[in-house]
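Contents: one structure, followed by commentary.
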Amino acid sequence: MSAGVSTASSATEVDRDHDVGAETDPPQVSALFLIRFDKRVGYTVAWKRSNASVTLDGAVEYKSLPSGLHTLTSDLVYFVHEGYAGLSAFAKGEAGAEERNAQFVSVGILVSRAYGRLGRSWLLASKLKQLAETLSEDVERTAPLEEFWEQQSSGGEGGGTAGPSKSEEPATNGKSGRKRALSTLTSVVPSEKGGLVADHPALSMLKYVADLGPLVFRLQQAALLRKRILFIGPPPVRTCCEFVYNLSVLSSIPPHAADLVSPGTEALLRLPALFSIGVHDIPELEQLQAQKAHGAPEIGEDLPSQGWVACTTDEIITTKKKLFDIVVKMPATYDAPPQKKVWPIMKTSDGTQIKASQRDLRRWKMLQLELRKHRRGRYEDEDEDDGGDDDNEALLRPKASCDAEDDLSVDDSIIEPTTWPQVAYSGFMWWASAGEQPAYTTTERDRDRDLLGDLSDYADALPTAIIAYFHRSTTQLIQNLNSIIERSDDEETEEDDGTLLLDKGDVSRMGLDTWSEADRAFLSEFSWLWYGRMVDLSYRRHRDCCGVRMPVF
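Numbering (our numbering), first residue to last: -2 to 550.
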């Protein structure tokens, strides 16, 4: 496998990347609250309990009830507040005419982020949904809230733990701090049966890859450059919140690659996730933007100035161009047939559309076909064992025609067109090779196949397989670039200004499209961000073939 990227080693690293403490051990709740919408006064905190000095009023009610939830019957919302991870369950119940025949409530919690991006809050999602449904029928019936809070405070059955012990708290400096930070990146650990626990946000990984299409690779690049990325779309909010989590996980720098980047980049090893934000968060975003503009080395306890990823239902935020770098507009529906599918639109803050490369398209199709094949095999095995279907999983079953690439058609509007130099070069190589597949194309395809690996290694944990795949891709990029830097340093002369000279083969081995201007721009920015080195991609612009000089870039 190229660049020494091993499927087995990547699987081991993913399995080792987990939150502090047991995966199935619910976190201690630092705050519990009930939010309701009153048509006379708006959002209110109707009930609250807290064992932490955290301000709830004037903040959590807006975070727990994003715009547009009134169109749904239920939803889950992830957010962050004053260093805590928040999760709220929304429910709509019937009410009298004085409340316009609807009761909107949300039951939320705050938990420590010492347990990971979301503090393992998903382990309490089902309980919160149950409480929200009960209170949507009678908002005055707060006894279940009192009982749940007492249970959490006492650490009784089903309650949270007392929090991480001193020895378990993530170190914050030195070599041990670097390793500890890396060991708590993904918070994705398969259960004993090979799958993830219920309500785990990583369960949406397959949906994330399918819905974003080839743009998953462009989004991954933006995240690796630590851009400020904003998903915007209609409710339900849960889907975009989980996509935020997925991107933050997929773009984390794996431990075995983190040792190869330049010292001083520790704050960049993962992309911070803000999850759901709204108009009431604009002042905070403006503060972050101001600190970024002044070159602050770090913003907040866990928020490097270089970027973040969040989601919103408030389109007005996208008018504040200085507050974000990349916006991903999600379509209103995700389950349309391929010929009618509406793909997300990805743009820069100045409105320039970002499209996937031709190689991205090929890689995405390869990944989708492999995922579908293993999903189908898994469901067939389950049918033999159980003789029945789970309603939810039946919805995810691939169609009989899933192996056909025609089922993976993608709108040309999100794919970069084939360039004329590429057409000319490909045509000449076809002629020169008597109609055979050019060797470089075959080699590139084989590299992409090797990087994908064998998904059967992951049994039923296909979300973990996706994480491993993207982490291997990042490792391949870093290992190849690091090797070029080491070679350049060994050959350094007095006239050398430290610029890295890269050719077509170098770019291809990094998993990038050698014909894509966007890929070359990404590589230049990535090298500068992580190594402080400039690259020269104009080097060897032509290749001699059969005595004829052909353009390479």
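Yeah, the Cβ is synthetic: ideal placement off N, Cα and C, and Gly gets one too.
Exercise. Between the C-alpha atoms of L520 and R506, what's the straight-line distance to the nearest angstrom?
Worked result: As a first step, residue 520 must be located in the sequence shown, where it is residue number 523. As a first step, residue 506 must be located in the sequence shown, where it is residue number 509. C-alpha separation (whole angstroms): 12 Å.
For this session: Output yes or no for whether 8 Å exceeds the beta carbon distance between P141 and T310.
Result: Sequence index remark: in the sequence shown, residue 141 carries index 144 (1-based). Sequence index remark: in the sequence shown, residue 310 carries index 313 (1-based). Going by C-beta atoms, P141 is not nearer than 8 Å to T310.
Problem set entry | Candidates S410, H253, T21, A270: closest to R110 by CA position | Here the question's residue 110 lines up with position 113 in the sequence shown. Among S410, H253, T21, A270, the Cα nearest to that of R110 is on A270.
Exercise. Since L244 contacts V306 with CB under 8 Å, what's their CB separation in whole angstroms?
Worked result: Numbered from its first residue, the sequence shown carries residue 244 at position 247. Numbered from its first residue, the sequence shown carries residue 306 at position 309. Sure, about 5 Å apart at Cβ, within 8 Å.
Exercise. Where does Q365 fall in DSSP's three states?
Worked result: Walking along the sequence shown from the start, residue 365 turns up at place 368. If DSSP states are grouped into helix, strand and coil, Q365 belongs with the helices.
For this session: Label S61 either buried or exposed according to how many other C-beta atoms from any shown protein chain fall within 10 Å of its C-beta, with 16 as the threshold for buried.
Result: Counting from one through the sequence shown, the residue named residue 61 turns up at place 64. Looking at its Cβ environment, which holds 16 or more other Cβ atoms inside 10 Å, S61 is buried.
Exercise. Looking at the unbroken alpha helix (DSSP H) that takes in V206, where does it start and where does it end?
Worked result: The sequence position of residue 206 within the sequence shown is 209, counting from 1. Segment 202 to 209, the alpha helix (DSSP H) holding V206.
Exercise. So, is V38 buried or exposed, given that buried needs 16 or more other C-beta atoms within 10 angstroms?
Worked result: Here the question's residue 38 lines up with position 41 in the sequence shown. Exposed, by the Cβ-count rule.
Exercise. When burial is assigned at 16 or more other CB atoms within 10 Å of the CB, is Q350 buried or exposed?
Worked result: To locate residue 350, count along the sequence shown from 1; it is residue 353. So Q350 counts as exposed.
For this session: Quick one: residues in its chain with C-beta nearer than 6 Å to the C-beta of A43, no 5 flanking neighbours on either side, listed in chain order?
Result: Looking up residue 43 in the sequence shown gives position 46. Counting only Cβ-Cβ distances below 6 Å, and skipping sequence neighbours, we find L31, R33.
Exercise. Within 10 angstroms of its Cβ, does K337 collect 16 or more other Cβ (buried), or is it exposed?
Worked result: Indexing the sequence shown from 1 puts residue 337 at position 340. Burial call: exposed.
Problem set entry | C-beta atoms of L222 and E413 nearer than 8 Å | Along the sequence shown, read from residue 1 onward, the residue named residue 222 stands at position 225. Along the sequence shown, read from residue 1 onward, the residue named residue 413 stands at position 416. Taking 8 Å as the Cβ cut-off, L222 and E413 do not qualify as a contacting pair.
For this session: Would you mind sorting N477 into buried or exposed? The rule is 16 or more other CB atoms within 10 Å of its CB.
Result: Reading the sequence shown from its first residue, position 480 is the one you call residue 477. Label assigned to N477: buried.
For this session: Measure the beta-carbon distance from P24 to S118 and round it to whole angstroms, keeping in mind my assumption that it falls under 8 Å.
Result: For the purposes of this step, residue 24 is taken as residue 27 along the sequence shown, with counting starting at 1. For the purposes of this step, residue 118 is taken as residue 121 along the sequence shown, with counting starting at 1. That belief holds up - the Cβ atoms of P24 and S118 are roughly 6 Å apart, short of 8 Å.
Exercise. From which residue to which residue does the alpha helix (DSSP H) around S109 run?
Worked result: Your numbering for residue 109 matches position 112 in the sequence shown. Careful: S109 lies outside any alpha helix (DSSP H), inside the beta strand (DSSP E) at 99 to 109.
Problem set entry | 7 Å CB neighbourhood of L257 in its chain, flanking five on each side removed | Taking the sequence shown and counting its residues from 1, one reaches residue 257 at position 260. Only I475, Q476, N479 meet the Cβ criterion.
Problem set entry | Assumed close pair F145, L128 - CB separation to whole angstroms, cut-off 8 Å | For the purposes of this step, residue 145 is taken as residue 148 along the sequence shown, with counting starting at 1. For the purposes of this step, residue 128 is taken as residue 131 along the sequence shown, with counting starting at 1. Contact flag correct, Cβ pair sits at about 7 Å.
Problem set entry | Inter-residue CB distance, V108 and A86 (contact presumed, cutoff 8 Å) | Along the sequence shown, read from residue 1 onward, the residue named residue 108 stands at position 111. Along the sequence shown, read from residue 1 onward, the residue named residue 86 stands at position 89. 14 Å between Cβ atoms; not a contact.
Exercise. Who are the near neighbours of S162 in its chain, counting only those whose CB is closer than 7 Å to its CB and skipping five residues on each side?
Worked result: Position 165 of the sequence shown, counting from 1, holds the residue named residue 162. Only weak support exists for where S162 lies, its pLDDT of 34 falling under 50; the value from the coordinates is given anyway. Once the five neighbours on either side are set aside, S162 has no close Cβ partner at all.
Exercise. Which residue's Cα is closest to the Cα of V77: E91, L534, I106?
Worked result: Along the sequence shown, one-based indexing puts residue 77 at 80. Of E91, L534, I106, the residue nearest in Cα terms is I106.
Exercise. Anyone know if the C-beta pair for H277 and Y59 falls short of 8 Å?
Worked result: Along the sequence shown, read from residue 1 onward, the residue named residue 277 stands at position 280. Along the sequence shown, read from residue 1 onward, the residue named residue 59 stands at position 62. Yes, the pair counts as a contact, with Cβ atoms nearer than the cut-off.
Problem set entry | Nearest-angstrom beta carbon gap, D443 and T496 [assumed within contact, 8 Å] | What you label residue 496 is simply residue 499 of the sequence shown in a count that begins at 1. What you label residue 443 is simply residue 446 of the sequence shown in a count that begins at 1. About 31 Å separates the two Cβ atoms, so there is no contact after all.
Exercise. How would you call M531, buried or exposed, if buried means at least 16 neighbouring beta carbons within 10 angstroms?
Worked result: On the sequence shown, position 534 is the one that residue 531 refers to. Label assigned to M531: exposed.
For this session: Starting from W525, trace the alpha helix (DSSP H) both ways and give me its first and last residue.
Result: Counting from one through the sequence shown, the residue named residue 525 turns up at place 528. Its alpha helix (DSSP H) spans residues 514 to 528.
Exercise. Do you know how far the Cα of D494 is from the Cα of S535?
Worked result: Within the sequence shown, residue 535 is the residue found at index 538, counting from 1. Within the sequence shown, residue 494 is the residue found at index 497, counting from 1. Each residue's alpha carbon lies about 16 Å from the other.
For this session: Indicate whether K352 and V324 have their beta-carbon atoms separated by less than 8 Å.
Result: For this step, residue 352 is matched to residue 355 along the sequence shown. For this step, residue 324 is matched to residue 327 along the sequence shown. No. Outside cutoff.
For this session: Tell me whether A270 sits in a helix, a strand or coil according to DSSP, three-state version.
Result: Against the sequence shown, residue 270 aligns to sequence position 273. Note: A270 maps to strand in three-state DSSP.
Problem set entry | Cutoff 6 Å; reference P328; Cβ partners in own chain excluding five residues on either side | In the sequence shown, residue 328 corresponds to position 331, counting from 1. The residues are V339.
Exercise. Which of helix, strand or coil does DSSP assign to V276?
Worked result: What you label residue 276 is simply residue 279 of the sequence shown in a count that begins at 1. In this structure, V276 counts as helix in the three-state DSSP scheme.
For this session: Since I believe K224 is in contact with D322 (beta carbons under 8 Å), could you give me their beta-carbon distance rounded to a whole number of angstroms?
Result: Taking the sequence shown and counting its residues from 1, the one referred to as residue 322 is at position 325. Taking the sequence shown and counting its residues from 1, the one referred to as residue 224 is at position 227. Contact flag correct, Cβ pair sits at about 4 Å.
Problem set entry | Pairwise C-alpha distance: F240 and S346 | Within the sequence shown, residue 346 is the residue found at index 349, counting from 1. Within the sequence shown, residue 240 is the residue found at index 243, counting from 1. Answer to the nearest angstrom: the Cα atoms are 20 Å apart.
Exercise. What is the DSSP secondary structure of I303, counted as helix, strand or coil?
Worked result: What you label residue 303 is simply residue 306 of the sequence shown in a count that begins at 1. Reading the sequence as shown, one finds Gln at residue 303 and not Ile. Three-state DSSP puts Q303 in coil, outside helix and strand.
Exercise. Is the beta carbon of G90 sitting closer than 8 Å to the one on V407?
Worked result: As a first step, residue 90 is located in the sequence shown; it is residue number 93 there, counting from the start. As a first step, residue 407 is located in the sequence shown; it is residue number 410 there, counting from the start. Cβ distance not < 8 Å, so G90 and V407 don't count as in contact.
Exercise. With burial defined as no fewer than 16 other Cβ atoms inside 10 Å of the residue's Cβ, what is the status of T415: buried or exposed?
Worked result: Against the sequence shown, residue 415 aligns to sequence position 418. With fewer than 16 Cβ atoms within 10 Å of its Cβ, T415 is classed as exposed.
Exercise. Does DSSP classify V77 as helix, strand or coil?
Worked result: Sequence index remark: in the sequence shown, residue 77 carries index 80 (1-based). In the structure shown, V77 sits in a strand (DSSP, three-state: E or B).
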